[in-house]
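>
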Amino acid sequence: MSISGDSVLCIVGDSRSGSSVLQGLFELHRDATVVGELRRLELFIAEARGCGQPVPDCDQWGDIMSRANLRPKDVRTRAPQTRLLKRFEEAVAFSGTAMRASRLTSPFLYRGRTVANHSGRLLSAAAARASARVVVDSSKDPGHAVYLLHQKKLPVHVAFLCRDGRGTVWSKISRTGISPELAARHWVWTTRSMLALSRALGPQRSSWIRYEELCADPHTVVRRVADRVGLAHDGFGEAAHAARHDIGGSPGFAGATFGTVREDMRWREEMPRAMRATFDAIGGDLNRRLDYA
Ligand SMILES: [Zn+2]
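The sequence shown lines up with residues 6 to 298 when you count with this note's numbering.
1) When the distance is taken between beta carbons, is Arg180 closer than 8 Å to Lys158?
2) Counting Cβ pairs closer than 8 Å, one from the region 25 to 40 and one from the region 218 to 238, do we hit at least three?
3) Ignore the nearest five residues each way along the sequence and tell me which others in Gly117's own chain have a CB closer than 6 Å to its CB.
4) Leaving out five residues before and five after Phe284 in sequence, what residues of the same chain have Cβ atoms less than 7 Å from its Cβ?
5) Please return the same chain residues whose Cβ sits closer than 6 Å to the Cβ of Gly240, not counting the five positions on each side in sequence.
6) Would you say Gln65 touches ligand 1, meaning its beta carbon is less than 7 Å from a heavy atom?
7) Can you name the residues that DSSP bridges to Cys167?
8) My assumption, with CB atoms under 8 Å, is that Leu236 sits in contact with Val139. Please give the rounded CB distance.
9) Helix, strand or coil: how does DSSP classify Ala37 here?
10) Give me the Cα-Cα distance between Asn122 and Gly41, rounded to the nearest whole angstrom.
11) Comparing alpha-carbon positions, which option in Leu295, Ser124, Cys15 lies nearest Arg168?
12) Can you tell me the Cα-Cα spacing of Ser136 and Trp192, whole angstroms?
13) Whose CA, out of Gly288, Val13, Asp68, Leu43, lies closest to the CA of Thr195?
14) Would you tell me roughly how many angstroms separate the C-alpha atoms of Phe99 and Met276, rounded to the nearest one?
15) Let me check understanding here. Comparing Cα to Cα, which of Val13, Gly18, Ile8 lies closest to Ile214?
16) If you draw a straight line from the alpha carbon of Glu47 to that of Gln65, how long is it in whole angstroms?
17) Can you tell me whether DSSP reads Val13 as helix, strand or coil?
18) Does the beta-carbon of Gly148 have 16 or more other beta-carbons within 10 angstroms, so that it is buried, or is it exposed?
19) Would Ile8 pass as a contact of Val266 if the rule is Cβ separation under 8 Å?
20) Quick one: what's Pro277 bridged to in DSSP?
21) Give the range of the beta strand (DSSP E) segment to which Ser144 is assigned.
22) With the cut-off set at 8 Å, would you say Ser144 and Leu43 are in Cβ contact?
23) According to DSSP, is His123 part of a helix, a strand, or is it coil?
24) Compare the Cα-Cα distances from Leu206 to each of Leu154, Ile252, Asp251 and report the closest residue.
25) Beta-carbon within less than 7 Å of Ile183's beta-carbon, same chain only, minus the 5 sequence neighbours each way: which residues are those?
26) CA-CA distance, Arg45 and Pro59?
27) Under three-state DSSP, which class holds His149?
28) Could you spell out where the alpha helix (DSSP H) holding Asp68 opens and where it closes?
29) Can you tell me which of the three DSSP states Ile252 falls into?
30) Taking the straight line between their C-alpha atoms, what separation do you get for Val230 and Phe165?
What follows is the structure in structure tokens.
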């Protein structure tokens, strides 16, 4: 079974788990469009950041916001995430099914209702503008996915991206200088939230993707997800459009192609022994549960 009308493909995963690659591969499809990290749009507007120019000055985002009937200063796509996730996990723990989870989570979405509503309108406008059936939101945050699941405009399929915690943590440390403890704890927190949300949604409404498998065989993994949102296998092209207007994402990332996806395995050589021990103390059990030996 798959979604046949317009829909959102929402990518969820820790940073450095391949979300740019996955979004980039879907960007190659003639019936898909990508918006990047929608949850950061509000921040990008506030800080006058964007795709080379401030978001409100960008033709594409200007048009999307105007189609969504939102003035830039009114856009709300951010949420108080930590508290939400904690309560969400509690709700899921008691629910068992996605339907009941959504009933349980609705009451505390008081502020988030606006975020859900605005996100739905913006994604729908982005799809309409690009004449696309599927709009890809790579916000990555499990809390953002929960909000999207509470909007009524478009059905949502969640693509969870998981990666060996050691690779995730090392990649993050070498990029940002974040402490190993913090990086490991964030990986555990994100991965646990993903597992809870994935159990609640089930295989019809979500896909579980291993970064390592995505890199080893991008065609098979992407087609599996494409089936879920009703995108034809023969709709994937060779190269993406020249102009990039997606929010956030890896600096210098110029798009993905099926032939050039490679797994980043540097951590196996470069990650110091002491740092591995730190990770193991915090995330070792969970990593092994995910079959990362
Ligand atoms: Zn732009």
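By construction, the Cβ of each residue, glycine as well, lies at the ideal position given by its N, Cα and C atoms.
Just so you know, these numbers come straight off a predicted model, no measurement behind them.
Taking the definition as stated:
1) no
2) yes
3) Cβ within range, chain order: Ala84, Tyr152.
4) Shown here for Phe284: same chain residues with a beta carbon closer than 7 Å to its own, the five before and five after excluded, namely Gly170, Arg171, Val174, Pro185, Ala189 in chain order.
5) His34, Arg35, Asp36
6) yes
7) Arg215
8) 6 Å
9) strand
10) 18 Å
11) Leu295
12) 36 Å
13) Gly288
14) Since pLDDT at Phe99 reaches only 44, below the 50 mark, its modelled position is unreliable, and no value is offered.
15) Of Val13, Gly18, Ile8, the residue nearest in Cα terms is Gly18.
16) 16 Å
17) strand
18) Taking all protein chains shown into account, Gly148 has 16 or more neighbouring C-beta atoms within 10 Å of its C-beta and is therefore buried.
19) no
20) Looking at the DSSP assignment, Pro277 forms no beta bridge with any residue, so it has no partner.
21) 139 to 145
22) yes
23) helix
24) Minimum Cα distance to Leu206 is reached at Leu154.
25) Lys177
26) 13 Å
27) If DSSP states are grouped into helix, strand and coil, His149 belongs with the helices.
28) 64 to 72
29) strand
30) 11 Å
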